[in-house]
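Notes to accompany the following structure.
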Amino acid sequence: MGADVATAARLPIADARQVRRAFMRLLAADRGRAIQVLVLYTLAAGCTVAVPMLLGRVVDGIGAGWSIERINLVCGLIVAAVAVQFVLSRLGRRAGYRFGERAAARLREGVVTKVLGLPLGRVEQAGRGDLGTRTAADVNTVADLLRDNGPTVATALIEVVVLYVATFLIDPLLGLCALVTVPPLLLAARRYLRRASGAFLAQRAAMSEAAETLSASGAGARTVAALRLQQERREAGHARAETMYRRFMRVLRLQIEFFLVLLWLNRFQLVIVVAAAGLWYFQGGLSLGTAVAAITVTVRIANPTNAVMVQLNEFQQGAASLARIEGVNLIHVEPRTAVPEGNDLRLDAVTFGYGDGPDVLHGLSLHPRPGERLVVVGPSGAGKSTIARLLAGIDRPRTGTATLGGVPVGDIAVEELRRRVVLVTQEHYVFTATLRENLVLAAPDADDDRLVEGLRRVDAGWAVAAGLDTMLGPEHRPLSTAEAQQIALARVVIADPAIVILDEATAGIDPASAGNVEAALAAALAGRTVIAIAHQLQAARSADRIAVVERGRIVEDGTHEELLAAGGVYGGLWHAWQGD
Amino acid sequence: MPSRPRPLRPKRPITPLRLLVGLARPHKGRIALGALFYLLAGSASMAQLWMIGRIVDEGFIARDGSGLVFWLSLTALAVIAQPVFWSLGFRQFVGAEAAGQRAIVRRLTDHLNAAGTGVRGRVPAGELVNLPSEDTRRAARSIADVGFFFNNFAMFTVGSALVWSIHPLLGVVIIAGSAVTSVVTGPLLGRLQRRQSDYREMIGDLTAHAADIVGGLRVLRGIGGDVLFAERYRERSSALRDKGYRVANSSSWIHAMRHSMPIVFVAAITWTGAILAADGAITIGGLASAFSFATVFIAVSGNFIGLAHFLVAAWVAAGRIAGFLHVGPDVDDSGTVRGGGGELRDPESGLTVPVGGLTAVVTAETAPALEACERLARYRDSEAVWGARPLEAYALAEVRERIMLLTDEDYLFAGTLAETLRADRNRALAAIETACAADVYSGLGGSLDGRVAEGGQNLSGGQRQRLRLARAIAAEPEILLAVEPTSAVDAHTESLVARRVAAARAGKSTVVVAASPMWLARADRVVWMVEGKVHAVGSHAELLDDPAYRRLASHRAD
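Taken in order, these protein sequences are the chains called A and B. Here our numbering is used: the first residue of the first sequence is 64, the next is one more, and so on. Here our numbering is used: the first residue of the second sequence is 8, the next is one more, and so on.
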């Protein structure tokens, strides 16, 4: 069964180059708007910078003995610059948010479309949790970045650039002085990012480990009581708390180190510019107003610089999420184009193993005859479910062939295959949607009568009574295992394929009612080829044929009577099961 | 059906405020020291801006090289000192925050033990994930946020005083600027968050939809609906984008305002200062200083209210934590009797467990049988009797030590196989053998050091069930009540387990709720329950005479 996922082949993660390319694709897809955002942000920042520059004019003006009217005129210009800045800033932000919205929508729609086309075997090998995190949490992280922090940081970054340009415009030599602190700042930021990313991830991991440990204590409250595990759970919880603390302190140390450098560099920049401006001024190289403008522009640089720096980490995390999303896009999907002729399904001398693991099937052949009800029995771990997966085309055999109508099952287009072969497992998923939506996916053009009929066929009277408009799902109407299984079976009846594979499909239904459901299902599937996999023997007796699997091989094959008469493995099982 | 709540009665109810104050109290010294450093840092920062004015006046305008050097050196000293003070303050407050996180998680851990089975059914699983992570983070953050608040406040007070000293009118403008900026843009942010709440809801909805697609991928691929779901996702994604456009219309105004408001006051300071300077009321250096103050700290004043939002979040999180701390045990723990024992009896169902032997309970409805076992194992308060005394009269620890309930709800904690089985090597291996769990043992590397993942996630459902059974066998309780212990096991293995369990537990009392003939044939005594009441008691062979029993408990075709 599911135990083989331990050797899971993980889903790929994009490397730095691929992430950059994915990001550029997002920008390029909406090039016009990206340019519009850039222009608006730059103009808005230009207006902001005009304020200290005009202040310089005023200072020189006062020295030159300007009239109050003239001072008022320049100050009026400052106010005008602020007003224009406000309007541009608003337009720029709106365009930025819209750009972010569009990019986020494109990203999430792309990944969901891709997910729906992924080879199932590949997804299940990697574990669905990973894919789930990528399509939900990672998509949200990147989308939030595109919508909120992205525009904010882009504004700050452009402002920083414009401020540096302004120092050059005021005085090229002072501009150079201001630039002196930039290289060490970039070096410090790089060093911080290198070390902090691991520390932040470790801190977050410590928090989820604590959450895992405490929710385990909660979920296992009875077990803790029964086995008197209180002391152990206390130690486990306190150990998690200690790890959280230590990792937090490590992040804190790195942050302090970085912030210290950042603050120093910010203000040393000011000291350098003031000192240089003083020297120049004494030598008559610049006016007092120019000096004041240069100094006040430099004072302003610190705020947006800090705004960018404290967000660096978020961007790093965003890049990590994008790498994981892009990883999904990197999964290779082989085109499935084969067209089967007829519905003859068979396994010929197949061997198969999960991931790099050992073979679990050894040269096994199985040929369900059209219209027959074949039951596959055997102990847990014999490879029964693997047979089902090969027959349904979820996995491909290592050697040998699994074919339907003469072509490999795994090569048949999904839409074509599911019209012919449907697999139902004990894992029965119910979507958070109406009952109708949960059923109609099997046959999009089915009317309500057909859906209700499908429910009746599997003995799901409760569902008929609730009505097709009932919302299902844990928050609306949670279903028991048995009810969920009935929905899964009703889907099969409604889909009405030629071949049905039932892998322990009635395992969760109470023994008392399982019989009823199975009888109803058998009636509903009359004339279809049914391959039923079971560890209990209820279903075996009435089967046309029984195949007994042990250790990845078919050891017995025949009718109930034949196998009983042979007195082999099946005979032993049957007697044991009857309590003889 | 969770039993009635039985709240712990702390001396005083835990309120969010008490919780947060209690969090900070052990760090009084740290917090006071941090506040001092933040005050020094804020003063050093503001002093630099004030000294810019002196540099302009006494250096530049006076064309005095020594004046320039003097003030520049003082500024450099402040520049060196300020980040050091700030970091020391940051260290104290954030260090206290880290210790606060640790304290909350410890407290949650200890409370889980104190409340015991009381959390079952009353604290949703998701909440136990959020409490030690997000809620803890938000609540503990309040310590550092109070520090930032103090830091900003120190800058504001010192800065305002310095600007005031340049000229009272400028002081008025800058105080008004800070106040208006924080009062106006703060609430705007709150309004924006409220406006965004349905947008956030749509995001949550879309995320859930994506999770649904991944969760049901096999159904969507195997039966159909992939196209339908992809279309629905795209529709909702577009709807979210359009909603995002509308949010952007208003949020861009608000964010632009937050960004521009401080600049408006910078302009106001410039204008006022320019006129004062032209009048000779202030110096050019004073004007440059005032401008720099406005640039630096009106921009910061928006943070004031931003911090208030975090404090509200901390309050809400602390409320949730306090709520959890009020959850108490669900069974009465006032019994004191030790020792004793004998026949165990549940009057409500009529189920009795004699001393010694294997009792099989067969029923068409498992739920009431499970409830009877829960009463007998004291997971519910009831009239159950053990020997001569009510079960409630016994100390709970005594009951837990001697009576064990085994259900599919039992949890496998992360740990080695040896830690899971909690027995010495021989007893552990014997229990594995009894429960036919050799495949678990070999699958985990053929050693008792093999690791079981949290919740047994690295085992199949059948393996988990047999490992739980092995653990119960290894515990060797005097009375074992096992509900459907082999429901996920194949027939062949089930018959082996039944035989081995009967042998391993010879001399002890064992109850197995199961309809399988493998157990019934092994049992010393079969109890047939109908609708939660004992209907008949006898041996399997005797009861088989009843056709209704035969239908229920035999796989034999009639």
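All C-beta atoms, glycine included, are put in the ideal place defined by N, C-alpha and C. Given the structure is predicted, the values throughout are model-derived calculations rather than measurements.
Per the coordinates, the alpha-carbon of leucine 466 of chain B lies some 16 Å from the alpha-carbon of alanine 425 of chain B. Beta-bridge partners of glycine 364 of chain B (DSSP): B:Ser516.
Look at valine 396 of chain A here: in three-state DSSP terms it is coil, with no helix or strand label. Counting only Cβ-Cβ distances below 9 Å, phenylalanine 67 of chain B has contacts in chain A at Ala340, Gly341, Tyr344, Phe345, Leu351, Ala354 and Val355, in chain order. Within the DSSP bridge table, the entry for glutamate 613 of chain A names A:Arg616 as partners. Against chain B, the beta carbon of glutamine 148 of chain A has neighbours under 7 Å at Ser267 and Ile270, listed in chain order. Counting only Cβ-Cβ distances below 9 Å, proline 507 of chain A has contacts in chain B at Gly231, Gly232, Val234 and Leu235, in chain order. Secondary structure of histidine 316 of chain B (DSSP, three-state): helix. Just measuring C-alpha positions, the residue of B:Gly125, B:Tyr206 and B:Gly232 sitting nearest alanine 246 of chain B is B:Tyr206.
When C-beta atoms of the segment 31-42 of chain B are compared with those of the segment 87-100 of chain B, three or more pairs fall below 8 Å, so the two segments count as touching. Among the residues of the segment 367-386 of chain A, none has a Cβ less than 7 Å away from any Cβ of chain B.
For a Cβ distance threshold of 9 Å, residue set Leu118, Val121, Val122, Ile125 and Val355 of chain A lies close to leucine 294 of chain B, ordered along the chain. Looking from the CA of glutamate 440 of chain B, the closest CA among B:Val508, B:Leu79, B:Phe67 and B:Ala460 belongs to B:Val508. Using beta-carbon distances, methionine 411 of chain B counts as an interface residue toward chain A, with a partner under 8 Å. Taking C-beta atoms under 8 Å as the contact rule, valine 178 of chain A and valine 360 of chain A fail to qualify, at a distance of about 50 Å. In the same chain as valine 632 of chain A, and ignoring 5 residues on each side of it, the C-beta atoms closer than 7 Å to its own belong to Val611, Glu613, Val618 and Glu619, in chain order. DSSP places aspartate 407 of chain A outside both helix and strand once states are collapsed to three, so it counts as coil.
Residues of the same chain with a CB within less than 7 Å of the CB of glycine 66 of chain B, apart from the 5 flanking positions on each side, are Gly74, Leu75 and Trp78 in chain order. Per the Cβ contact rule, the segment 331-351 of chain A is not in contact with the segment 219-227 of chain A (fewer than 3 Cβ pairs under 8 Å). In chain order, Met372 place their CB closer than 6 Å to the CB of leucine 325 of chain A, counting only its own chain and leaving out the 5 sequence neighbours on each side.
Note on lysine 447 of chain A: 16 or more other CB atoms within 10 angstroms of its CB, so buried under the neighbour-count rule. Its chain contains Met264 and Met268 as the residues whose beta carbon lies nearer than 8 Å to that of valine 191 of chain B, once the 5 sequence neighbours on both sides are disregarded; these appear in chain order. Across the structure, aspartate 532 of chain A and glutamate 372 of chain B are spaced so that their CA atoms are roughly 30 Å apart. By the C-beta density criterion, proline 367 of chain A is buried, having at least 16 other C-beta atoms within 10 angstroms. If the five residues before and after leucine 95 of chain B are omitted, its C-beta is found closer than 7 Å to the C-beta atoms of Phe44, all from its own chain and listed in chain order. DSSP places histidine 547 of chain B within a helical segment (H, G or I) once states are collapsed to three. Setting aside the 5 residues that flank it on each side, methionine 162 of chain B is surrounded in the same chain by Gly49, Ser52, Met53, Phe304 and Val307, each with a C-beta closer than 7 Å to its C-beta; the list follows chain order. In this structure, the alpha-carbon of leucine 239 of chain A lies about 30 Å from that of glycine 166 of chain B. In terms of Cβ geometry, alanine 568 of chain A and glutamine 489 of chain A form a close pair [threshold 8 Å]. Residue-level contact check: methionine 534 of chain A does not touch chain B, since none of the beta carbons of chain B fall below 8 Å from its beta carbon.
By the rule that beta-carbons nearer than 8 Å mark a contact, asparagine 158 of chain B does not touch chain A. The three-state secondary structure of threonine 276 of chain A, taken from DSSP, is helix. Contact annotation: glycine 125 of chain B and valine 334 of chain B have beta-carbon atoms nearer than 8 Å. Within the same chain, Cβ atoms closer than 6 Å to the Cβ of histidine 547 of chain B are found at Leu527, Ala528 and Val533, the five residues on either side in sequence being excluded. At a cut-off of 8 Å between C-beta atoms, alanine 217 of chain B counts as an interface residue with respect to chain A. For glutamine 55 of chain B, the chain A residues whose C-beta falls within less than 8 Å of its own C-beta are Arg330 and Leu333, listed in chain order.
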